[in-house]
Amino acid sequence: GESVGLHLPTLSVQEGDNSIINCAYSNSASDYFIWYKQESGKGPQFIIDIRSNMDKRQGQRVTVLLNKTVKHLSLQIAATQPGDSAVYFCAEYTNAGKSTFGDGTTLTVKP
Amino acid sequence: EAGVAQSPRYKIIEKRQSVAFWCNPISGHATLYWYQQILGQGPKLLIQFQNNGVVDDSQLPKDRFSAERLKGVDSTLKIQPAKLEDSAVYLCASSGQGSSYNSPLHFGNGTRLTVT
């Protein structure tokens, strides 16, 4: 079946460096994407979203890039901080209301 | 604004027993979701309500799982009887603009269920 997948289950970066978390999707009907952050013992928290008519969207310290040609999504975190340590999920949505979460990337920030 | 409230926070039961989880969404949010998150995996949608009507329950194991949202506000999710593979975190989420297609979900902190 079609699903959202992340390239790396874990990512370790040094505090202050930039982080890039990748996600591959396979459902060509998906046209809305969200990145969520999940800290231990908590529910997922919205970070940033992007629609398929855009290639890039920026937030505070975060940027999402969408490459529809290769069905790839990435989350860039600038100047990564210890508080950014968490599991990051991408989720894809179709206009029929179907949503799928990937299995997540665990980001660890080393001081 | 107050977030999505869930209870209990933790629950341990034996297989074949029954269990119920409660969710209170953000005030005014018409859409409510129940997700199952198995350790190490992303959340999987079990059921989606729009007000008190079911929009999508295609992945709900209906032989043992049931959910209701009688007054279009609070919701309960029940498992009867529980199996070992039901051990997971059960997340409730709500959104305010009709569906997750239009707006991000707001999640509660979940109920961690352990079935022994």
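Chains as they are written, first to last, in our numbering: chain A, 40 to 150; chain B, -5 to 110. Even for Gly, the Cβ is constructed at its ideal location relative to N, Cα and C.
- Bridge-paired residues (DSSP) for Leu85/B: Mapped onto the second sequence, residue 85/B falls at position 91. Partner(s): Tyr29/B.
- Among Pro150/A, Ile89/A, Asp88/A, which has the Cα closest to the Cα of Ser124/A? As a working mapping, residue 124/A is identified with position 85 in the first sequence. For Ser124/A, the nearest C-alpha among the options comes from Pro150/A.
- Message: Tell me which residues share the same chain as Gly40/A and place their Cβ nearer than 7 Å to its Cβ, disregarding the 5 neighbours each side in the sequence.
- Response: In the first sequence, counting from the first residue as 1, residue 40/A sits at position 1. Low per-residue confidence applies at Gly40/A: pLDDT is 37, beneath 50, and the placement is therefore not dependable enough to give any value.
- Query: Are the C-beta atoms of Thr49/A and some chain B residue less than 9 Å apart?
  - Reply: Counted from its first residue, the first sequence places residue 49/A at position 10. No - not a single Cβ of chain B is within 9 Å of the one on Thr49/A.
- Item | chain B contact residues for Ile73/A, given Cβ-Cβ distances below 7 Å | As a first step, residue 73/A is located in the first sequence; it is residue number 34 there, counting from the start. Neighbours of Ile73/A in chain B, taken as residues at a C-beta separation under 7 Å, are given in chain order as Pro98.
- At a Cβ threshold of 9 Å, is Asn103/B touching chain A? Taking the second sequence and counting its residues from 1, the one referred to as residue 103/B is at position 109. Closer than 9 Å: yes.
- Message: Against chain A, which members of the stretch 30 to 55 of chain B pass a CB distance test of less than 8 Å?
- Response: Correct list: Gly34, Gln35, Gly36, Pro37, Lys38, Leu39, Gln42, Val49, Asp50.
- Query: What whole-angstrom Cβ distance do Asp68/B and Asn103/B have, given they're in contact under 8 Å?
  - Reply: Stepping through the second sequence from its first residue, residue 68/B is reached at position 74. Stepping through the second sequence from its first residue, residue 103/B is reached at position 109. For Asp68/B against Asn103/B, the beta-carbon gap comes to about 16 Å, at or over 8 Å, which does not count as contact.
- Query: With 16 as the cutoff for other CB atoms within 10 Å, does Glu131/A come out buried or exposed?
  - Reply: Here residue 131/A corresponds to residue number 92 of the first sequence, with the count starting at 1. It counts as buried.
- Task: Please compile the residues from chain C whose C-beta is within a distance smaller than 8 Å of the C-beta of Leu71/B.
- Result: No chain C appears in the structure shown, which is made up of the protein chains A and B.
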